[in-house]
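For reference, the structure is listed below as C-alpha cells.
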C-alpha cells in the first residue's frame, strides 16, 4: 500500500518480512486457511487512514485487572503478574488512547471457554481470563493478571502451547490492526511451538515479555514488560472531544 | 513516500502478528458487537451475512469478521476525517464484529448502508464496508472490502480499479431476501481456491 496524498496522514505499510507467512505448514490449520493469490496493492484512501481504534470509549478501570474482574467478589488463583508496556508507531511515538484487549488461560492452562473440553485441568471460578484497557497519553497500557499455564493441543503428538497471553489492538488506522501472542522470555518450550516459530527469526524476539524488576511491586506482583509496534498511521495526539 | 524513516528517526520493527486461536470468543465478537446501530442511528438499516470458507470450501467455524465503515452521510468517526459539515451519529461508531457461528460458519452484522467517502486522491469512492478477516489457523489478518450490487460508482472506484477485472466480483455482495423489512446482503469470504476473495495489502 502506498500513500502520496497531502490529504491523508503518513501510513507505514505492514512489513511482511516481520510477520509470519499466511501459510506455515508446521501449523497445520494454516494450510487451508491461507490465500493462494498475492495481496493486491492499493493506493491508501480515507478508509485506510481511519480505523476503529479511537472510536471506542466504554471501558471501566476494572477491566484491566483480570485477578478480580470475574464479578464473583473472589480473587483468582495463581502467580499474580503485572504486564505493561508501550504501544508505539513505527517512528517510535507512543500511541495514546488505543484499545488493548487480552485473553488467556488460567494458572492451570485452562481457558474458560465452552470449546475447551479435552484438557482436564481445573477451572478457576474467579478467573475469566479476559481484560481490556486503553493506552494513556504516553501510549502505556497496564494489566494485572495471573501468569497463564501451558496447555496441550492437537497439532502434533505431545504438542504443548507455551504459556502465552493473546493481545488484540486496534491502533490509529485500519492497517494498525494487530492480534498477537505474548510469551515469557526464557520459556524452554518456545522453540517447540510452531505458532511461536511461525514468526520470522529476525522478529520473533518481539513477542517476548521480559521480567522487569522496576515493574515488580514489592509484596504484591512480579512485573513483565512488553512493548508493541504497530503498522499503519503514526500517532497523532488529538483531543477526545473531536470524536465525542 | 510512505514507510521511509524521517531524518534522525529510527524505524522500529513491527511486532509480529499471530493467530486468534480457538478461544477468542471469550472476548472478541460478543453478541452486542454485531449490532452496529441503535435507535439514534441515521440511515437505511442493512443486514450483511455470509460464510467464511477455507480452501476446501468448508465453512470456518472459528473466524472473526470485523467491519469498519462510514456512516450514512459518508463520514468516518475518526479524527482524521475532519469534514465537520457532515454529521456524526451518537449511535454509530462504524465498528462492528461478528464471529462465525460454530454450527454454520456464518457471520452477520446489522448496520447502515454507508455513504460515499473521498478517496484522498481527488475522487469519491463507491460505498463500501472495510472488512478484516481472522481465524484460528490464520497467522495474520486479511483485509478486504464489500461493495454493493448495482452501484454505478463501483466501476470508477480507485480500489476496485486496482483489482484484475476477473476478480472484482469477489468484492461485491449479492442481494438476499429481506428479513423483517431489513435489506439483506449476502457476502461470502473465500480464503483460498476458486473465486478466492481479493485481499488487499493494507
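Chains as they are written, first to last, in our numbering: chain V, 135 to 378; chain D, 1055 to 1256. By construction, the Cβ of each residue, glycine as well, lies at the ideal position given by its N, Cα and C atoms. Keep in mind it's a predicted model, so treat the numbers as computed, not measured.
What does a CB cutoff of less than 7 Å around residue i pick up in its chain, not counting 5 residues either side in sequence?
i                       : result
residue 201 of chain V  : 209, 210, 214, 278, 279 and 280
residue 1078 of chain D : 1118
residue 242 of chain V  : 255, 256 and 283
residue 1108 of chain D : 1114, 1245 and 1246
residue 1242 of chain D : 1104, 1105 and 1107
Can you tell which of the options has the C-alpha that lies nearest to the C-alpha of residue i?
i                       : options                           : result
residue 1102 of chain D : D:1076, D:1070, D:1229 and D:1250 : D:1229
residue 1206 of chain D : D:1216, D:1190, D:1251 and D:1226 : D:1226
residue 293 of chain V  : V:285, V:299 and V:364            : V:285
residue 1112 of chain D : D:1091, D:1245 and D:1210         : D:1245
residue 1257 of chain D : D:1074, D:1241, D:1233 and D:1221 : Given a span of 1055 to 1256 for chain D in the structure shown, any question on residue 1257 of chain D remains unanswerable.
residue 342 of chain V  : V:163, V:298, V:250 and V:289     : V:298
residue 352 of chain V  : V:157, V:204, V:216 and V:226     : V:216
residue 244 of chain V  : D:1080, D:1254, D:1255 and D:1066 : D:1080
residue 229 of chain V  : V:236, V:311 and V:357            : V:311
residue 1148 of chain D : D:1106, D:1096, D:1076 and D:1176 : D:1096
residue 331 of chain V  : V:140, V:178 and V:157            : V:157
residue 1161 of chain D : D:1116, D:1076, D:1130 and D:1215 : D:1116
Please confirm whether residue i has its beta-carbon closer than 7 Å to some beta-carbon of chain V.
i                       : result
residue 1125 of chain D : no
residue 1178 of chain D : no
residue 1219 of chain D : no
residue 1192 of chain D : yes
residue 1249 of chain D : no
residue 1109 of chain D : yes
residue 1204 of chain D : no
residue 1253 of chain D : yes
residue 1149 of chain D : yes
residue 1144 of chain D : no
Report all residues from its chain with a CB closer than 6 Å to the CB of residue i; omit the five preceding and five following residues, and keep chain order.
i                       : result
residue 308 of chain V  : 182 and 185
residue 1125 of chain D : 1143 and 1146
residue 1171 of chain D : 1124, 1128 and 1179
residue 1094 of chain D : 1144 and 1145
residue 1089 of chain D : 1164
residue 1257 of chain D : Residue numbering for chain D in the displayed model covers 1055 to 1256; residue 1257 of chain D lies beyond these limits and cannot be assessed.
residue 237 of chain V  : 263, 264 and 300
Let me know the secondary structure DSSP gives residue i once reduced to three states.
i                       : result
residue 1208 of chain D : helix
residue 183 of chain V  : helix
residue 309 of chain V  : helix
residue 1086 of chain D : helix
residue 285 of chain V  : strand
residue 357 of chain V  : strand
residue 262 of chain V  : coil
residue 1107 of chain D : strand
residue 188 of chain V  : helix
residue 1079 of chain D : helix
residue 1226 of chain D : strand
residue 198 of chain V  : helix
residue 1162 of chain D : strand
residue 340 of chain V  : helix
residue 234 of chain V  : strand
residue 1120 of chain D : strand
residue 1193 of chain D : coil
residue 326 of chain V  : helix
residue 152 of chain V  : helix
residue 1221 of chain D : helix
Tell me, please, whether the CB atom of residue i is closer than 7 Å to any CB atom in chain D?
i                      : result
residue 194 of chain V : no
residue 220 of chain V : no
residue 278 of chain V : no
residue 143 of chain V : yes
residue 169 of chain V : yes
residue 247 of chain V : yes
residue 154 of chain V : yes
residue 320 of chain V : no
residue 159 of chain V : no
residue 231 of chain V : no
residue 340 of chain V : yes
residue 251 of chain V : no
residue 368 of chain V : no
Report all residues from its chain with a CB closer than 8 Å to the CB of residue i; omit the five preceding and five following residues, and keep chain order.
i                      : result
residue 329 of chain V : 161, 295 and 315
residue 268 of chain V : 190, 193, 231, 232, 233, 234 and 275
Contact criterion: CB-CB distance below 7 Å. Does residue i meet it with respect to chain C?
i                       : result
residue 1160 of chain D : In the displayed structure, chain C is absent; the protein chains listed are V and D.
* For the 8 Å Cβ check, are there 3 or more pairs between the segment 1191-1198 of chain D and the segment 162-170 of chain V? -> yes
* **Sufficient close CB pairs (3 or more, under 8 Å) joining the segment 332-341 of chain V to the segment 1068-1087 of chain D** => yes
* Inter-stretch contact (C-beta, 8 Å, three-pair minimum) for the segment 1131-1142 of chain D and the segment 1174-1185 of chain D -> no
* Asked: Do the segment 192-199 of chain V and the segment 247-261 of chain V meet, that is, are 3 or more Cβ pairs less than 8 Å apart?
  -> no
* To do: Give a yes or no on contact between the segment 346-364 of chain V and the segment 218-231 of chain V, applying the rule of three or more CB pairs nearer than 8 Å.
  => yes
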